[in-house]
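Protein chains: 2
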Amino acid sequence: MAEATIRDVARRAKVSVASVSRALNGLNNVRQATRDRVIAAANELGYVPHAGARSLSLSRANALGVVLPDLHGEFFSELVRGMDREASRRGYFLLLSNMHAEGDQAPTALRAMHGRVDGILVMAPHVPPEMLEQALPSTLPALLINAPVEVPTRPSIRIDNEAGAQAAIRHLVGIGCRRILHIAGPEENIDARERAEGYFKAMARYAPGIEPLLFPGNFEEEAGEAAARDMLSDRRGVDGVFAANDMMAIGCLQTLRAAGVQVPDEVAIAGFDDVPMARYLSLTTCRVRIAEIGERAVARLVDRLEGKIERVLNERHQPELVVRGTTAGANSDEMAEHGL
Amino acid sequence: MAEATIRDVARRAKVSVASVSRALNGLNNVRQATRDRVIAAANELGYVPHAGARSLSLSRANALGVVLPDLHGEFFSELVRGMDREASRRGYFLLLSNMHAEGDQAPTALRAMHGRVDGILVMAPHVPPEMLEQALPSTLPALLINAPVEVPTRPSIRIDNEAGAQAAIRHLVGIGCRRILHIAGPEENIDARERAEGYFKAMARYAPGIEPLLFPGNFEEEAGEAAARDMLSDRRGVDGVFAANDMMAIGCLQTLRAAGVQVPDEVAIAGFDDVPMARYLSLTTCRVRIAEIGERAVARLVDRLEGKIERVLNERHQPELVVRGTTAGANSDEMAEHGL
DNA sequence: TGCAGTCATGTAACCGGTTACGGACGGTCT
DNA sequence: AGACCGTCCGTAACCGGTTACATGACTGCA
Chain V
1 MAEATIRDVA RRAKVSVASV SRALNGLNNV RQATRDRVIA AANELGYVPH AGARSLSLSR
61 ANALGVVLPD LHGEFFSELV RGMDREASRR GYFLLLSNMH AEGDQAPTAL RAMHGRVDGI
121 LVMAPHVPPE MLEQALPSTL PALLINAPVE VPTRPSIRID NEAGAQAAIR HLVGIGCRRI
181 LHIAGPEENI DARERAEGYF KAMARYAPGI EPLLFPGNFE EEAGEAAARD MLSDRRGVDG
241 VFAANDMMAI GCLQTLRAAG VQVPDEVAIA GFDDVPMARY LSLTTCRVRI AEIGERAVAR
301 LVDRLEGKIE RVLNERHQPE LVVRGTTAGA NSDEMAEHGL
Chain X
1 MAEATIRDVA RRAKVSVASV SRALNGLNNV RQATRDRVIA AANELGYVPH AGARSLSLSR
61 ANALGVVLPD LHGEFFSELV RGMDREASRR GYFLLLSNMH AEGDQAPTAL RAMHGRVDGI
121 LVMAPHVPPE MLEQALPSTL PALLINAPVE VPTRPSIRID NEAGAQAAIR HLVGIGCRRI
181 LHIAGPEENI DARERAEGYF KAMARYAPGI EPLLFPGNFE EEAGEAAARD MLSDRRGVDG
241 VFAANDMMAI GCLQTLRAAG VQVPDEVAIA GFDDVPMARY LSLTTCRVRI AEIGERAVAR
301 LVDRLEGKIE RVLNERHQPE LVVRGTTAGA NSDEMAEHGL
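Just so you know, the sequences run in chain order V and X.
Going by the UniProt record's numbering, the letters in the first sequence line up with residues 1 to 340, in that order.
Going by the UniProt record's numbering, the letters in the second sequence line up with residues 1 to 340, in that order.
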């Protein structure tokens, strides 16, 4: 039994396809008796409208494309979850396509979305903007998440990485740290760059005269471990660590502790993101409400699709410093709040 | 500038739409000169084929529907990641739709997918099968993940929860536990039920004569904490805990430790899932390779779409016991391997 | 020269919906 | 009776692709 179409229903209800369409879509210019016949026929045939055909003729797909890099557990999960929540609230589907790092997959993925989504959410913290601009069909509404730069022509939503980094450094200095090491993220990543930038600015401001210390990393836990080993072999007076993300902070924390270094007494540690694990390890960090970013991104895109005008094009999500055990003694939690 | 269509390209290249289609799709019955003209015209117009129209006429969408309950962080993330990886490898998109617990959303979501996906992956550990069967368009290939029962007519993939539970209990008994408490998951959840079932069977087998102890939970961390508080107020000789998932195990672990109970010396603890955090808390658990399940599910569904016949309809994923600190002293790791 | 066969191309039907337009019908008002 | 209006419904065009079939040009061969 092939899938029933609207014409089958029409035949069965002895009306035209137009009437079927009208009846099923609740238009009011249909006699009640006709509507009933149509509905009955549809049920008997198990008719389900063909969404693809519908969206072709309406030129409206009720779907949003989501193009993400191959990112890690929590971030991916939370982002998509937030998006999905808002999307289903607004009656949209999410069409997912990971754009693996290979790069040239991005244009392909974007092209393949044309004609099946009404708008697109792109997260590409490492893709050069001109490439993005070129790959995005210019007529397809898009919203950029953490794009490397704020393309003036495209709305975007970003994390205020500098503000987060500054808050973290301010806090570390506040509890007495002076020689603070920054474990950086990958250079091509915009978040990583901004966090480093924030670190430098904050050091200049809150710890003037103390020279910044950088350890290159890649957002992976191993980088944090490497940084820790480096410190263990030559401490250089480091009494504080600010990692560009939680995973590196955790790698560092675990390795230092395993080597008997007292955290936070000898070295205080802060991360960035507030992954769920951070709470368990009592890691001080800059909380980024990822799901919220996803929701907000979808909400803004859908608003635009539905014709609502936007006041602000480039939004910034403010991270929130969460002080925990790795920067505060067991009962000195509130000390941190007053610090500095 | 409205989006260019194939007819625009045809006009510009001074050929028919048929030739454009042939040229761009790489059919060989096109003169090279014509193909070049078409490609040039397409580039000049920035032509991107309309995937919706294409899939309508080919009756093939190159997309898979994914219907998931509103599940938690890691699980969701890993599952979708695995699916996405395999899907993009096979040239398919993923169309996501969380079916929130409200229940009657499921049929709606499934209906809306008709005509825009070629097949569907459904994860519904709590939806009664007859409802599923009724909601699934019978012509749409579907693969069930952790469905409450194995619907004989639908291929499925499941976790072998009983095997996992048995391995955990066997291990706990092996290291000397006798009075083992099971913190159960929600009753309507099939995984939870099977894990409890496995617990009972394993107790009967490995600890005969010792009566099983059940604490009702809901997969949330708080349930583990409640179980711990219960134990703290009346220990009843409990020397081992097997939680139906890691989050409850973690809640229990943290609460017991906070109260000064020595883990694993006084009470050993094992969980289920192996969420990333488990490693950091050194939690013994039954590892479920979630991403692998997602990959496998997509692979099987795509195989079927492409006409490959299936030998096994109902597959079971085998969890793997990972022994860590919550059931073994610092240097007694391998002891566990020999235990019993 | 005429005919079959090959190749490139165009015409139009089709996928499954939506909807502009117009026709048929019945009622109301002058 | 005739003009006018409103309601309900059917015909057919359309969304943007693919493709079966027809057409015409060209080749090779008798």
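C-beta: ideal position from N, C-alpha, C; glycine also.
As the structure is a prediction and not an experimental result, all values here were calculated from the model.
Same chain only: Cβ atoms within 7 Å of residue i, ignoring 5 sequence neighbours per side
i, result
"S16 (chain V)", "A10"
"L305 (chain V)", "D118, G119 and P141"
"A109 (chain V)", "V67, S97 and M99"
Minimum Cβ-Cβ distance from residue i to chain X less than 8 Å
i, result
"F219 (chain V)", "no"
"E3 (chain V)", "yes"
"M248 (chain V)", "no"
"Y206 (chain V)", "no"
"T139 (chain V)", "yes"
"H171 (chain V)", "no"
"L96 (chain V)", "yes"
"M277 (chain V)", "yes"
"G115 (chain V)", "yes"
"A270 (chain V)", "no"
"D84 (chain V)", "yes"
"A227 (chain V)", "no"
"A112 (chain V)", "yes"
"V80 (chain V)", "yes"
"F93 (chain V)", "yes"
Same chain, Cβ closer than 6 Å to residue i, neighbours up to 5 away in sequence not counted
i, result
"I6 (chain X)", "V17 and V20"
"P125 (chain V)", "N146, N189, I190 and D191"
"G325 (chain V)", "S282"
"E78 (chain V)", "I290 and A291"
"I210 (chain V)", "R178"
"M231 (chain X)", "V238"
First and last residue of the uninterrupted alpha helix (DSSP H) at residue i
i, result
"G209 (chain X)", "Taken as a continuous stretch (DSSP letters only), G209 (chain X) belongs to no alpha helix (DSSP H), as it is neither H nor E."
"D36 (chain V)", "Q32 to L45"
"R11 (chain V)", "I6 to A13"
"D230 (chain X)", "E221 to S233"
"L181 (chain X)", "First-last for L181 (chain X): I180 to I183, but that is the beta strand (DSSP E), not the alpha helix (DSSP H)."
"L24 (chain V)", "V17 to L24"
"L253 (chain X)", "D246 to A258"
"L27 (chain V)", "Here L27 (chain V) belongs to no alpha helix (DSSP H), and DSSP marks it neither H nor E."
"G52 (chain X)", "A51 to L58"
CB contact below 8 Å: residue i versus chain V
i, result
"H50 (chain X)", "yes"
"D118 (chain X)", "no"
"L281 (chain X)", "yes"
"S77 (chain X)", "yes"
"S21 (chain X)", "no"
"A53 (chain X)", "yes"
"E74 (chain X)", "yes"
"V301 (chain X)", "The displayed chain sequence assigns Leu, not Val, to residue 301 (chain X). It does not: the Cβ of L301 (chain X) has no partner Cβ on chain V nearer than 8 Å."
"L56 (chain X)", "yes"
Backbone secondary structure at residue i - three-state DSSP
i, result
"N314 (chain X)", "strand"
"V298 (chain V)", "helix"
"H126 (chain V)", "coil"
"P264 (chain X)", "coil"
"E320 (chain X)", "strand"
"G119 (chain X)", "strand"
"D84 (chain V)", "helix"
"A204 (chain V)", "helix"
"I175 (chain V)", "coil"
Contact belief for residue i with residue j at Cβ below 8 Å, rounded distance in angstroms
i, j, result
"V66 (chain V)", "L96 (chain V)", "5 Å"
"P141 (chain X)", "G115 (chain X)", "At roughly 14 Å, the Cβ-Cβ gap does not stay under 8 Å, so P141 (chain X) and G115 (chain X) are not in contact."
"R157 (chain X)", "R296 (chain X)", "Residue identity check: residue 157 (chain X) is Ile in the sequence provided, not Arg. With 8 Å as the limit, I157 (chain X) and R296 (chain X) qualify as a contact, their Cβ atoms being about 6 Å apart."
"A87 (chain X)", "V241 (chain X)", "Contact doesn't hold; Cβ gap of about 38 Å is too wide."
"V30 (chain V)", "R22 (chain V)", "5 Å"
"T327 (chain X)", "H182 (chain X)", "That pair is no contact at about 15 Å."
First and last residue of the uninterrupted beta strand (DSSP E) at residue i
i, result
"S282 (chain X)", "S282 (chain X) -> no beta strand (DSSP E), and no H or E assigned at all."
"V241 (chain V)", "G240 to A243"
"M99 (chain V)", "F93 to M99"
"L143 (chain V)", "A142 to I145"
"residue 358 (chain V)", "For residue 358 (chain V) there is no data in the structure shown, the boundaries of chain V being 1 and 340."
"P137 (chain X)", "Element bounds for P137 (chain X): n/a, residue is neither H nor E."
Own chain partners of residue i with C-beta closer than 8 Å, once the 5 adjacent residues on each side are dropped
i, result
"C286 (chain V)", "G164, A165, A167, A168, A270, G271, F272, D273, D274, P319, E320, L321 and V322"
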